[in-house]
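What follows is a set of notes on a single structure, which appears directly below.
Number of protein chains: 2
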Amino acid sequence: MTDIKRLDSSSSDFQQQLDRLLDWEGVSNEAVNNTVREVLQAVKSRGDAALVEYTNRFDRMSVGSMAELEISQDRLTAALVNISVAEREGLELAAERVRAYHEHQKVASWSYTEDDGTLLGQQVTPLDRAGLYVPGGKAAYPSSVLMNAIPAKVAGVDELIMVVPTPDGEVNELVLAAAAIAGVDRAFALGGAQAVAGLAYGTETVPQVDKIVGPGNIYVATAKGMVFGTVGIDMIAGPSEILVICDGKTDPDWIAMDLFSQAEHDEDAQSILLCPDQAYLDSVAASIDKLLPTMERKEIIEKSIADRGALIKVADLDEAVTITNHIAPEHLELSVDDPQSMAKQIKHAGAIFMGRYTAEALGDYCAGPNHVLPTSRTARFSSPLGVYDFQKRSSLIMFSADGASHLGKTASTLARGEGLTAHARSAEYRIKD
Amino acid sequence: MTDIKRLDSSSSDFQQQLDRLLDWEGVSNEAVNNTVREVLQAVKSRGDAALVEYTNRFDRMSVGSMAELEISQDRLTAALVNISVAEREGLELAAERVRAYHEHQKVASWSYTEDDGTLLGQQVTPLDRAGLYVPGGKAAYPSSVLMNAIPAKVAGVDELIMVVPTPDGEVNELVLAAAAIAGVDRAFALGGAQAVAGLAYGTETVPQVDKIVGPGNIYVATAKGMVFGTVGIDMIAGPSEILVICDGKTDPDWIAMDLFSQAEHDEDAQSILLCPDQAYLDSVAASIDKLLPTMERKEIIEKSIADRGALIKVADLDEAVTITNHIAPEHLELSVDDPQSMAKQIKHAGAIFMGRYTAEALGDYCAGPNHVLPTSRTARFSSPLGVYDFQKRSSLIMFSADGASHLGKTASTLARGEGLTAHARSAEYRIKD
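Keeping their order, the protein sequence lines are chains A and B. The opening residue of the first sequence carries number 1 in the UniProt record's numbering; numbering runs sequentially from there. The opening residue of the second sequence carries number 1 in the UniProt record's numbering; numbering runs sequentially from there.
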């Protein structure tokens, strides 16, 4: 019997039980902080030489210069024939769908002119250069290359630099192929805090970027946190989560497998099912027991399900929505008859998968929307990675002589109220009389 | 003679001189970090009791309960009659213009349906609750209340909670009046790290918010950095900056005063003028010398101008644009004949003030655009505070049975390529045949 928690929203201490289940504290580790600080400082002051040293040490390489760590465009393109045709076609279809979806997110400049000729607006521009961190080794996901790179290219970012560690010289052909398809401009065989430092500060060989995106281990996440401000960063992600609301009419095997598809990521991943039908919850539990032994990653799934999973009996679907809005899940499946009207009631979720056919796994790869989503209740205030993360805005303000004269009086009054008389006098110079 | 630096872009070491001028390292202080960590922990675990203790200690108050620290709606409204009519009308006009401008920033939900019935899109929703930090004492700026509160209200945030310290019981009537005008829902006489902790974790009296915005001292900035993740935060601002590009045809007194209007904020503020005309730079230097003794905040201005200001001779206006794009200034004034075509060449700036009449001071108070802008070169990757900071998006995905069957094959191929077989099987369940 799989040891998944069973909660009931009618228990008097349900809210405490739920909050205990959701509780997640990112680990902060003083030893990691010190190592990362040292690596950042070394790369900042010694550039390429430090990158080569750390890469030889941490990734067990033996290169003599940064030039040997650049992965050429030809090498990226070569990967396209080193993978299977089905894989190549899969990546190309996924890229095409991701690109088409993200085109809808582009923000355009706007402005308007007032009666006295005053022009106000915002000018929207892309970042000049973005850095994409891609993990190496086992957790190397080509889908993440597409999901991080394509929004940047759609935004119009001039140059996209990818870093991916190649521990012991091992490269992942699918990752290189995805980079070729996504249009990565330059790539380096770098990883860890040193790769983040290279992108943030620039070296003789690695160009300085304006923003760094992409997932990584605790060293990478810590380094991204420390260089934030010098460059922009995307969110620092916690463990992945899925929340399923089901009315009890979907094949319980499907739902069990959907829960597994989150749980297999990581022992800390969280899979939760909300349903008003106790008998259905029992059948999903039975499906879990039946299917678990057949799974390749069963040890990870079992621990994730036991430690952080839950089957929750709710009073009705309305209550399920209320609980969901408290949880603000990364992935939300609405496995119900009318998912569209339920979705309208959802206030906080990274992505909403509507209907019994919409497995979250489709969204992870090729539906089109981004799979980089806010975790750990941060969907309360943040959004999926998107084109808007690679664009920024400048306010536009142009006053006519009349407009400046008229509004200058208000600015002067308010500036003097704040004791800022240079502000006041600067506005007053433009007042006619 | 005011001691403002004179740079020339034709010097061989110009780039190094410029980078030295721009260099700014935010201070990180271990003693501050420890104090803030302790305050956050105390408020998280002891709630109202800790808020009352810290407020009595740090703000020299003597209240018995959090209830005494709530500032009622009646008290906010009363402030509207405690200020002058000109001030009230100024705040109301500013609020109206800021609201009208920010209405243009609202992002709407969107979706599209593919041929096989697959629906894709994004649902845009406001944050439930936002917290607004307002500094107390001398640096209390009512204009900042408007600039932070109004975008949240335009976004549709349900509840806006303001915190403002009242050291020794001293309240700022203009700040309370601005809160009444902006529609702040609840207000508390709290400041420092304890106020940030109250908003981030919630207490018996202070509601937990989803995002905290607004400026503050080093304790507030440090606390915001530490609670990031539990709640969202706006940017952590550095010293204010202005960059003026002038063709040499604007009254030099006007430009000198525009430079002062940044410099008077703070000794670390930065004011830079780029101009191709050496004689004009000399006249601005003369205006600085002439006007400085007449300024109320002359000590601050003098130090800021001497330590961080510069008059820079450039080859021509095109070079001025190139240098500006490197600097990515917070405020940019284009005091030239055709500012609109020059603005199109600007890639990175917080706000662009076009034309000789558009004093930056107008933008600070009442033009409409936000005065919370990216500093310290972060305009390379970030934007003015806006309605979009109080909205977030959820991806929408709904597959038809046919769409799920068709794309399930691609998802399965890609998932198996990544070794994630629960993902693959979850997609495969939805493949017909």
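C-beta atoms are modelled at their ideal positions from N, C-alpha and C, and glycine is treated no differently. These numbers were taken from a predicted model, which means no experiment stands behind them.
Secondary structure at P339(B): helix, using DSSP grouped into helix, strand and coil. Rounded to the nearest angstrom, the gap between the Cα atoms of K392(B) and L127(B) is 7 Å. Residue pairing for P126(B): DSSP places it in a beta bridge opposite Q391(B). Straight across, the Cα-Cα distance linking Q345(B) with D234(A) is about 27 Å. Among the CB atoms of chain B, one or more fall inside 8 Å of the CB of W254(A). Excluding the 5 residues flanking it on each side, E114(A) has same chain C-beta neighbours closer than 8 Å at L120, G403, in chain order. Exclusion of the five residues before and after Y101(B) leaves G368, P369 as the residues of its chain whose Cβ lies within less than 7 Å of its Cβ. Proximity of I352(B) to chain A, defined by a Cβ-Cβ separation below 8 Å, is satisfied. Look at N217(B): its C-beta is not under 8 Å from any C-beta on chain A. Residue-level contact check: F381(B) touches chain A, since one or more beta carbons of chain A fall below 8 Å from its beta carbon. For the C-beta of Y429(B), the chain A residues within less than 8 Å are, from N- to C-terminus, D251, D253, W254, M257, A359. Taking the C-beta atoms as reference points, A152(B) is found no nearer than 8 Å to A180(B). Under the Cβ criterion (8 Å, minimum of three pairs), the segment 183 to 200 of chain A does not count as touching the segment 334 to 350 of chain B.
For S144(A), the number of other beta carbons within 10 angstroms of its own is at least 16, and it is reported as buried. Residue I352(A) holds the alpha-carbon nearest to the alpha-carbon of I397(B) among I352(A), F399(A), D433(A), D268(A). With a threshold of 16 other beta carbon atoms within 10 Å, E428(A) meets it and is buried.
Interface annotation for the segment 292 to 318 of chain B against chain A: M295, E296, R297, I301, criterion Cβ-Cβ distance under 8 Å. Just so you know, the alpha carbons of L160(B) and F58(A) end up roughly 48 Å apart. For a cut-off of 8 Å, the C-beta gap from V196(A) to A223(A) is around 4 Å, short enough to register as a contact.
Contact residues of the segment 385 to 403 of chain B toward chain A are G386, Y388, K392, R393, S394, S395, L396, I397, M398, F399, S400, A401, G403 (C-beta to C-beta distance below 8 Å). Scanning the segment 140 to 221 of chain A from its first residue to its last, the whole alpha helix (DSSP H) runs of 4-plus residues come out as 142 to 155, 173 to 182, 192 to 201. Taking 8 Å as the CB threshold, C366(B) lines the interface with chain A. According to the DSSP secondary-structure assignment, S271(B) is paired through a beta bridge with I242(B). Assigned with DSSP and collapsed to three states, V32(B) falls in helix.
In this structure, the alpha-carbon of L69(B) lies about 60 Å from that of E92(A). Rounded to the nearest whole angstrom, the C-alpha separation of S394(B) and S383(A) is 6 Å. Scanning chain B for C-beta atoms nearer than 7 Å to the C-beta of K211(A) yields F381, reported in chain order. Counting only residues of its own chain and dropping the five nearest sequence neighbours on each side, A178(B) has a CB closer than 7 Å to the CB of L91, P142, V145, L146.
Each of F228(A), A279(A), G355(A), G156(A) was checked against the Cα of V124(A), and the nearest Cα belongs to G156(A).
In chain B, no part has a C-beta under 9 Å from the C-beta of V163(A); the shortest such distance is about 18 Å. Judged by pairs of C-beta atoms under 8 Å, the segment 198 to 212 of chain A touches the segment 44 to 51 of chain A, as three or more such pairs exist.
By the CB criterion at 8 Å, S9(B) and E319(B) fall inside the cutoff.
The alpha carbon of Y365(B) has as its nearest neighbour, out of A415(A), R380(A), E330(A), the alpha carbon of A415(A).
Burial state of N29(B) is exposed, judged by a 10 Å Cβ sphere holding fewer than 16 other Cβ atoms. Taking 8 Å as the threshold, the shortest C-beta distance from V231(A) to chain B falls below it.
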